[in-house]
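Numbering (the working numbering), first residue to last: 462 to 821.
1) Where does residue 531 fall in DSSP's three states?
2) For residue 476, does the three-state DSSP call read helix, strand or coil?
3) Give the DSSP-derived three-state secondary structure of residue 666 in the structure shown.
4) Do you know how far the Cα of residue 728 is from the Cα of residue 667?
5) Please classify residue 605 as buried or exposed, where buried requires at least 16 neighbouring CB atoms within 10 angstroms.
6) Are residue 786 and residue 563 touching if we call contact CB-CB under 8 Å?
7) Taking buried to mean at least 16 other C-beta atoms within 10 Å of its own C-beta, is residue 520 buried or exposed?
8) Can you name the residues that DSSP bridges to residue 646?
9) Considering only the beta carbon of each residue, do residue 734 and residue 761 sit closer than 8 Å?
10) Taking DSSP's pairing of strands, which residues face residue 775 in a bridge?
11) In whole angstroms, what separates the C-alpha of residue 629 from that of residue 603?
12) When DSSP builds the beta bridges, which residues end up paired with residue 704?
13) Report the rounded CA-to-CA distance for residue 779 versus residue 680, giving the unit in angstroms.
14) Do you know whose CA, among 524, 587, 659 and 757, lies nearest residue 819's CA?
15) What did DSSP end up calling residue 608 once you bin it into helix, strand or coil?
16) DSSP state of residue 518, grouped into three classes?
17) With C-beta atoms as the reference, is residue 709 less than 8 Å away from residue 742?
18) In angstroms with no decimal places, state the Cα-to-Cα distance between residue 731 and residue 724.
19) Following the continuous alpha helix (DSSP H) through residue 641, name the residue where it begins and the one where it ends.
20) When DSSP labels each residue in this structure, what does residue 570 get in the three-state scheme?
21) Tell me whether residue 810 sits in a helix, a strand or coil according to DSSP, three-state version.
22) Can you give me the C-alpha to C-alpha distance between residue 566 and residue 798, rounded to a whole angstrom?
23) Under 8 Å by Cβ, that's how I've got residue 784 and residue 592 pegged, so tell me the actual separation to the nearest angstrom.
24) What first and last residue would you give for the beta strand (DSSP E) that runs through residue 547?
Here is the structure:
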């Protein structure tokens, strides 16, 4: 992108240029402190978004900053604080996955909104393969960002432990396969959600159950499969027929067709995410199966697309925005020097729609 020169009269000119033209001295940190009546240290904490500042003090100082037109020198601040003013949201998936996956899209939007007004920027980074992921890991460990939010973590991913060893604040979106000393995570109740899905389907009288699971090297998929199996076992039912997808729509359709081949009498399907459930609906329709009359379908996530499906998708709602918002808060706390919080598991609940309960 080409930089544009400011036009005569100051439009587009920098603050320094405007000050030189008008002969006015730029307001300094000391000026803000003097006018606001607070100490230089307090003003500095407000500018650096410290969570230790009382809201009323922050509002008073920010009002003076706006009144004076004070602009912090980011380069100088970076040298003093050794911070970049940015955090990375890292996803070990191809770029197109982040665009098409509604869960990740929701995470990115919520994280960005959580950072609004903090002065901290969000850098979204995605890696399609191990080589790209290694390069990305080297980048975030080298001081280019102040903290990291990690999503779509696979069991063999070395990045979480590498970040902790390097002293980089990190919060995972989901339970790691191996306990991460010095790290933290925010998960949702995957097992509980899967158990709720199983209970709903059994309550409808379905007895030939199947599951479209996610990749077996991702804990969310493992926990949802375990929860579904355990619920059926406790109810005295046979284990579900399981086909594996990759959390994409295409993967869900392929897995659904496999289930139809292996279990022609299937009358209920639980998919480990909504995207796979949506293509399972299509595969069932193509096979001449009516939903929910012949086969009931439940997803997991409660993304917007599920409400526009035909029929509307019954699903397990997980609080995507709440998860991302809490993760942002936790990584900012670590950046400020606070110890990592204990892991947090957020509750989920079942949302019943037309894919399991006929309206006719």
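All C-beta atoms in this analysis are idealised placements derived from N, C-alpha and C, irrespective of residue type, glycine included.
In this structure, then:
1) In the structure shown, residue 531 sits in coil (DSSP, three-state: anything other than H, G, I, E or B).
2) Confidence at residue 476 is low in this model, with a pLDDT of 43, below 50, so the placement of that residue is unreliable and no value is reported for it.
3) Per DSSP, reduced to three states, the secondary structure at residue 666 is coil, with no helix or strand assignment.
4) Cα to Cα, the separation comes out at about 6 Å.
5) Exposed is the call here.
6) Not in contact: residue 786 and residue 563 (Cβ atoms no closer than 8 Å).
7) With fewer than 16 other Cβ atoms within 10 Å, it is exposed.
8) For residue 646, which the question treats as bridged, DSSP gives the partners 633.
9) Yes, Cβ-Cβ distance for residue 734 and residue 761 is below 8 Å.
10) Partner(s): 759.
11) Between residue 629 and residue 603, the C-alpha separation is close to 9 Å.
12) Residue pairing by DSSP places residue 704 opposite 673 in a beta bridge.
13) Cα to Cα, the separation comes out at about 16 Å.
14) Of 524, 587, 659 and 757, the residue nearest in Cα terms is 757.
15) It is a strand residue.
16) In this structure, DSSP gives residue 518 a helical state, which the three-state scheme calls helix.
17) No; because the gap between Cβ atoms is not below 8 Å, this pair is not in contact.
18) Distance between the alpha carbons of residue 731 and residue 724: 14 Å.
19) Boundaries cannot be given for residue 641, as no alpha helix (DSSP H) includes it and DSSP labels it neither H nor E.
20) Looking at residue 570 - three-state DSSP - the assignment turns out to be helix.
21) Strand, per DSSP.
22) If you take the alpha carbons of residue 566 and residue 798, they lie about 29 Å apart.
23) Between residue 784 and residue 592, the beta carbon gap of about 29 Å keeps them out of contact (Cβ cut-off 8 Å).
24) Note, residue 547: beta strand (DSSP E), 547-552.
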